[in-house]
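Colleague: Chains as they are written, first to last, in the numbering used here: chain R, 1035 to 1159; chain G, 1035 to 1159. What follows is a single structure, and I will ask about it in a moment.
2 protein chains.
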Amino acid sequence: MTRQRAAVLEVIRSAKCHYTAEEIFERAKEILPNISRATVYNNLHALERERLIRRITGEEASDRYDSSFIPHGHLFCTECHGISDFEVPDFREALSRAAGGEIDSYELKVRYVCPGCRMARQSNP
Amino acid sequence: MTRQRAAVLEVIRSAKCHYTAEEIFERAKEILPNISRATVYNNLHALERERLIRRITGEEASDRYDSSFIPHGHLFCTECHGISDFEVPDFREALSRAAGGEIDSYELKVRYVCPGCRMARQSNP
DNA sequence: GAATAAATTTAGAATGATTCTAAAAAATTT
DNA sequence: AAATTTTTTAGAATCATTCTAAATTTATTC
């Protein structure tokens, strides 16, 4: 656990939303001003392998990262492209049975129109 | 529905696996040799909007496409990077309730080690 | 059915996220 | 402390996707 890896992890842990690699890089620079983008990517991969963070592959070009391991799904708004979390039951057991062997992780992605955009739509349809 | 859009849709519908945009482009050229890559991308987006195909955002950099609308999840092997389908119950109703409004589509992604890779692992661990 | 307008296609340039590379720095082992 | 391994760094390279502007096709109007 180098200082750089700790900084990347700290940024993700203290985030109130899901950051992209670029956003993590910007914030890690506030802790270690000389940190390089490549190091952020290296450590995101390492931390994912060590299961300290999870990668969210969304609708956008860039992935986002999450440090929560409480089972939850992700809601992707198709209008404002916002992402929010939502509770889901723990499927792990059922999925392992369906997959015919132990699973690694799972992600439930839902595309929808978020309450904010839905309201805005009603005002000017 | 132009000839180009029909060709793209035909390639996806007759596929036995999930192709990337590049793979679709290669196969569409067998039908319309002058088709351009940009046209394939245009039509993939249009077909997705029209709900004739679904986009699968996986572990790789490039998205893949599916023409099946039978509810199913995708299993991503973390070793060989293969993708396979698996049956899941239709969550739509439950998800709409959880999301607090109608949902657009959903995708259940599972990362695991596929049976082939698991066996190969046991032989030389 | 020709004239006009709108939409689509094309080839290639541009963009942008991520990966690669090779040298320097840091950490670890002997 | 010398030697080895791992990590970091800056910047170049890659690769999927989007953008652009001109050409073509399709639809609409007279």
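Positions of the beta carbon are idealized from the N, C-alpha and C atoms, including for glycine.
Are three or more beta carbon pairs between the region 1141-1155 of chain G and the region 1134-1142 of chain R nearer than 8 Å?
Modeller: yes
Colleague: Using 8 Å as the threshold, is the region 1100-1114 of chain G in touch with the region 1067-1080 of chain G, meaning 3 or more CB pairs across them?
Modeller: no
Colleague: Could you compute how far the alpha carbon of CYS1111/G sits from the alpha carbon of ARG1039/G?
Modeller: Roughly 31 Å between the two C-alpha positions.
Colleague: Can you grab the Cα-Cα spacing for the pair PHE1103/G / ARG1155/G, in whole Å?
Modeller: 34 Å
Colleague: Return yes when the Cβ of ILE1117/R is within less than 9 Å of the Cβ of ARG1098/R, no when it is not.
Modeller: In this structure, ARG1098/R places its C-beta atom within 9 Å of the C-beta atom of ILE1117/R.
Colleague: Going along chain G, which residues have a C-beta under 9 Å from GLU1197/R?
Modeller: Chain R is shown from 1035 up to 1159; residue 1197/R falls before or after that span and cannot be answered.
Colleague: Between the region 1079-1097 of chain G and chain R, which residues of the former have CB atoms less than 8 Å from a CB of the latter, in chain order?
Modeller: Correct list: THR1091, GLY1092 and GLU1093.
Colleague: Rounded to whole angstroms, what is the Cα-Cα separation between ALA1062/R and ALA1041/G?
Modeller: 47 Å
Colleague: Which residues of chain R have a Cβ atom closer than 8 Å to the Cβ of PRO1105/G, listed in chain order?
Modeller: Here the premise fails: no neighbours, minimum Cβ distance about 12 Å.
Colleague: Where ARG1131/R and PRO1123/R are concerned, what is the direct C-alpha to C-alpha distance, given to the nearest angstrom?
Modeller: 16 Å
Colleague: Kindly indicate the opening and closing residues of the alpha helix (DSSP H) around SER1157/R.
Modeller: 1149-1157
Colleague: Is it right to say THR1091/G is buried, meaning 16 or more other beta carbons lie within 10 angstroms of its own, or is it exposed?
Modeller: Buried is the call here.
Colleague: Smallest Cα separation from SER1096/R: which of GLU1060/R, ALA1055/R, GLU1064/R and LEU1043/R?
Modeller: ALA1055/R
Colleague: Starting from ASP1138/G, find everything on chain R with Cβ-Cβ shorter than 8 Å and list it in chain order.
Modeller: THR1112, VAL1144, ARG1145, TYR1146 and VAL1147
Colleague: Hey, does GLY1150/G have any beta-carbon neighbour from chain R nearer than 9 Å?
Modeller: no
Colleague: Let me confirm a value: HIS1052/G is counted as buried when at least 16 other C-beta atoms fall within 10 Å, else exposed. Which label applies?
Modeller: With 16 or more other Cβ atoms from the protein chains shown falling within 10 Å of its own Cβ, HIS1052/G counts as buried.
Colleague: Can you confirm whether GLY1135/G, when its beta carbon is compared against all beta carbons of chain R, has any partner nearer than 9 Å?
Modeller: yes
Colleague: Out of ALA1080/G, GLU1113/G and LEU1086/G, point me to the one whose CA is closest to ARG1083/R's CA.
Modeller: Comparing Cα-Cα distances from ARG1083/R to each of ALA1080/G, GLU1113/G and LEU1086/G, the minimum goes to GLU1113/G.
Colleague: Name the chain R residues that come within less than 9 Å of GLU1121/G, Cβ to Cβ?
Modeller: Under the 9 Å cutoff, chain R gives ALA1132.
Colleague: From GLU1121/G to LEU1129/R, what distance separates their C-alpha atoms?
Modeller: The alpha-carbon separation between GLU1121/G and LEU1129/R amounts to approximately 10 Å.
Colleague: Report the three-state DSSP secondary structure of PHE1120/G (helix, strand or coil).
Modeller: In the three-state DSSP reduction, PHE1120/G falls in the strand class (E or B).
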